[in-house]
Every structure is written in C-alpha cells, then in structure tokens.
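Reading through the structure tokens given below for one structure.
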Amino acid sequence: MLENVCKNTKSSEIFEVNEVFLNISEQIISEIQKKTLNEAINILVGTLKLNDLCSDKLKVTDLSPDYFNGIVDFGGAQKLIHVSEALKEAGISSIAEEVASRDKVRMVLIAGPSSSGKTTFCKKLSYALEQQGLKPKSISLDDYYLPIDEVPLDEDGQYDFESLYALDLPLFQKHLKQLLDGEEVEMPRYEFAKGRSPHGNKLKLEDDTILLLEGIHGLNPLLTGDAISPDCTYRVYLSALTTYRQGDGELFPTTDNRLLRRMVRDAATRNTSAQRTISMWDSVRRGEERWIVPFQQNADVNFCSGFQYEVSLLKVHALPLLNEIPVDCEEYATAQRLIKMCQCYHVMPVELLPPYSILREFLGDSGFEY
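In structure tokens:
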C-alpha cells in the first residue's frame, strides 16, 4: 500500500493506492467456478470493513494503461465495472452503518470539489440510511447561491463560485437553526439559468429525521456557525481522484477526470462549450485549493468517487468537444493533453454502466432525478 501526496498534478488532496480492487478481481477467478459473477462479487465485497474502502485518506486504484486495456480487450469490462461499482456501494453502506451507530448525529455534511459526484452520492447515501431505519432529508448548498451580481470576484475578475461568500450565509444559517428547532421552512431553489427563487419545497424535520447537507463547503466550520454542535454531525469528504498514466508511467493531473466530467455534463445540460469549461478550470481549481481541499482533514471519512474506467466512457462524448477547440486559443494545450489521456485508454460501452452509478450524473440516463 503506497501513500501519496499529489505532487505536480494540480491537487494537494491526500490519497493512498490500495490493492482492494486487484485482490477481489483475483479471488473472483476461483470463486466464480462455484457461483455467478454477482454472487462472487457480493460475497467477497461483503467481507470488507469500512477502513478497507474509506479512511482518513482517499483510496484510489492504480492500473497501468497496458493492464487496464488488457482487461477491456479480453472481455473483462463487465467484471471491472461490477467490482468497482460493488466497492462503491459497499463503502456507502458502511458509511450509513457508521452514521446510524452514532446516536447524537442529526446531520451528515457532504463536501468535495466540483464534479466529484456529491449530488448522486447524497442520493445513494440517503437510500442506504433508509435501509438503516433512518429518515433522511437532503439540502443542497447550491440553492443558497447569491444573485449573480452579488457573487464575489476572484483575482482575475471572474465570478468566484468556489468562495464560501458566494453563498447567502445568513439565510442558510437562519434556515438551518429553524429546521433543527423543529420549524417548517420553505427552502429556496436555485437554477443556474434563472438564479435563485425563494419559493421551493417546504421542509420540516421530525425526531427521527437525519439531515443530509451536500455542497462544496460542507466541511468548512464557518458554514454552520453555532447552529449545530460538531458532535451532532458526521462529515464526509468526497473526491474523484484518479491515477491515469501516460505510456512512460508519468501521471496525468489527478483532477483531469473531473474536468472531463464537468465538460461532458455542462455541454449536455448547460449549453457550455468545452473551451469555456477549460477556460474557467484554473479559477475553479484555485478556489478549491483555497476553500475546499484544506478542510479534507475535518472529515470523519474520505470517499473516492473516481473510477479507473471512467475516461474510457467519458471519451466518447469528450473527444468531439475537445476536437472543436481551435489551435490558436489558450485552451488548446489543455485540450490536447486531455485528448492524449483519452487515447491512452480503450473505449468501454456506456451501456455496461448501471443506471444508479455516480458516473450517470455526468453521462446521462441516470436512474435518479436531478
């Protein structure tokens, strides 16, 4: 097991490479002789503990391009997806069990950088908590964004949506205190195309309700102020770090898959070009390093939502977008790096991806509503 700090990869998040995926893949070879693939995976994954899947560091898989492509070329794509998805499900279930075991917990705070899959993770954790007999209710911090003309600017004069102060903190803290006091609150609703509406669904917490709060600033203590005691919260740091390598073994930036996720999603749902997404990325990353990553240390558990195979799925949508970026623009060099990364990994059929995968948040056709 190797411990790493992401040097020269545009992220200071701390991660460790573990062999859980490889060990399970190897064991399945013998187990499947007696059982179906799904039965073998469920049995082997069921023997793991929370620390095998989540810890105070993000746990990531590290497969070389040759090893990965060999799996795909020799018909192992389905097994790769089944094992990886089963490990994520087991990790989320373990977190739900841990939350349920803490009697004082009234709120789960889910934080992480852009395109780490917070919304889908929150939905999946909500379902897992229901299996533990709890009644989860969710709030998205995105609904508390300020009107666009009130959002602070970064050093480049761009809107700094990663800043804590891009949120209406007084309103959020007021609503949180009212909810925890048992009052009914009409929640705001934010749509990026229209801004924030003060009229949304009404929410009231019962004695057996556990509140799930997801957003990039979930672990910043300034967010909740004194509305709730730290003893009554459980904190999850979510990121999608991956270890994609070039032919010579050198790592691509460990955040590049999040850039691809955001690019594919925003092109499909927000009519945003790949060039525009790339042009904003440096500002997004600076904001993350200032406002989000430093609070990784506050988490009760770190969960990696990255999949070793996701570039093989995202590239089908990403490459046409990247190839549209003209050679004479600033974003061209980044586009070429992303194209090179995509070309290192063979295509996997998107149809193999289950509808409730975190990746469906970016690739579409999710079984969840957003």
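Position in the sequence shown (first residue = 1) + 1065 = my numbering.
Don't be surprised by glycine CBs; every beta carbon is placed ideally from N, CA and C.
Local conformation of residue i per DSSP, three classes
i, result
"K1202", "strand"
"L1113", "coil"
"V1216", "coil"
"T1274", "strand"
"I1397", "At residue 1397 the sequence reads Tyr, which differs from the Ile that was named. Reduced to three states, the DSSP call for Y1397 is helix."
"I1108", "helix"
"A1333", "helix"
"K1072", "Annotation note: pLDDT 45 at K1072 (below 50); position unreliable, coordinate value reported separately. Looking at K1072 - three-state DSSP - the assignment turns out to be coil, as it is neither helix nor strand."
"T1184", "helix"
"C1369", "strand"
"Y1255", "strand"
"F1133", "helix"
"N1310", "Looking at the sequence provided, one finds Arg at residue 1310 rather than Asn. Three-state DSSP puts R1310 in a strand."
"A1151", "helix"
"L1067", "Only weak support is given to the placement of L1067: the predicted model assigns it a pLDDT of 39, under 50, and the question is left unresolved by the model."
"S1294", "coil"
"L1174", "strand"
"K1380", "helix"
"F1080", "strand"
"E1162", "helix"
Beta-carbon contacts of residue i that lie in its chain and below 8 Å, excluding the five residues immediately before and after
i, result
"M1066", "Here M1066 scores only 36 on pLDDT, less than 50, and its place in the model should not be relied on; the value that follows carries that caveat. So the list reads E1081, V1082, N1083, E1084, once near-sequence residues are dropped."
"V1381", "V1412, V1415"
"N1069", "Per-residue confidence for N1069 stands at a pLDDT of 45, beneath the threshold of 50, marking its modelled position as unreliable; no derived number is given."
Neighbourhood of residue i by C-beta, 7 Å cutoff - its chain only, sequence neighbours within 5 removed
i, result
"T1274", "K1200, K1202"
"D1331", "T1337, T1342"
"G1182", "L1303, A1305, S1370, I1423, E1426"
"F1133", "Q1373, Y1410"
"L1378", "M1413, V1415, L1418, L1424, L1428"
"E1078", "C1071, L1123, S1304, L1306, V1358, Q1361"
Rounded straight-line distance, which links the Cα of residue j to that of residue i
i, j, result
"L1211", "L1128", "42 Å"
"S1294", "E1375", "38 Å"
"G1352", "G1135", "38 Å"
"G1198", "E1162", "10 Å"
"L1418", "E1315", "28 Å"
"G1312", "P1130", "7 Å"
"S1253", "I1097", "Per the sequence shown, residue 1253 should be read as Pro rather than Ser. Cα to Cα, the separation comes out at about 50 Å."
"N1266", "I1204", "11 Å"
"Q1196", "D1393", "54 Å"
"G1111", "D1365", "22 Å"
"F1360", "V1137", "37 Å"
"T1184", "E1434", "10 Å"
"R1167", "L1277", "15 Å"
"L1145", "L1236", "45 Å"
"L1113", "Q1408", "34 Å"
"K1122", "Q1362", "9 Å"
"R1171", "L1241", "12 Å"
"F1317", "Y1309", "6 Å"
"V1148", "I1213", "43 Å"
"L1194", "D1221", "42 Å"
"W1346", "R1355", "14 Å"
"A1142", "V1164", "33 Å"
"L1229", "V1173", "19 Å"
Where residue i falls, given that 16 or more other Cβ within 10 Å makes a residue buried
i, result
"A1398", "exposed"
"Q1373", "buried"
"N1103", "exposed"
"R1300", "buried"
"L1118", "buried"
"P1391", "exposed"
"N1116", "exposed"
"K1100", "exposed"
"Q1340", "buried"
"F1186", "buried"
"K1188", "buried"
"E1227", "buried"
"T1298", "buried"
"F1139", "exposed"
Residues near residue i in its chain [Cβ-Cβ closer than 6 Å; skip 5 each side]
i, result
"Q1223", "S1348"
"L1244", "V1250, L1270"
"D1219", "D1225, S1348"
"D1246", "none"
"Y1255", "D1207, D1208, Y1210, R1261"
"I1357", "P1178, I1281"
"A1151", "I1106, V1110"
"Q1238", "G1290, A1292"
Exercise. Can you find at least 3 beta carbon pairs, one from the region 1385-1397 and one from the region 1156-1169, that sit closer than 8 Å?
Worked result: The region 1385-1397, when compared against the region 1156-1169, does not touch it at the 8 Å Cβ threshold.
Exercise. So does the region 1398-1416 actually touch the region 1319-1336, counting three or more Cβ pairs closer than 8 Å?
Worked result: In short, these stretches touch, since the Cβ pair count reaches three.
Exercise. For the region 1090-1108 against the region 1269-1288, are there 3 or more C-beta pairs whose distance is under 8 Å?
Worked result: Because the criterion of three Cβ pairs below 8 Å is not met, the region 1090-1108 and the region 1269-1288 do not touch.
Exercise. Given 8 Å as the limit, is there contact between the region 1175-1184 and the region 1282-1297, that is, 3 or more CB pairs closer than that?
Worked result: With three or more CB-CB distances shorter than 8 Å, the region 1175-1184 counts as touching the region 1282-1297.
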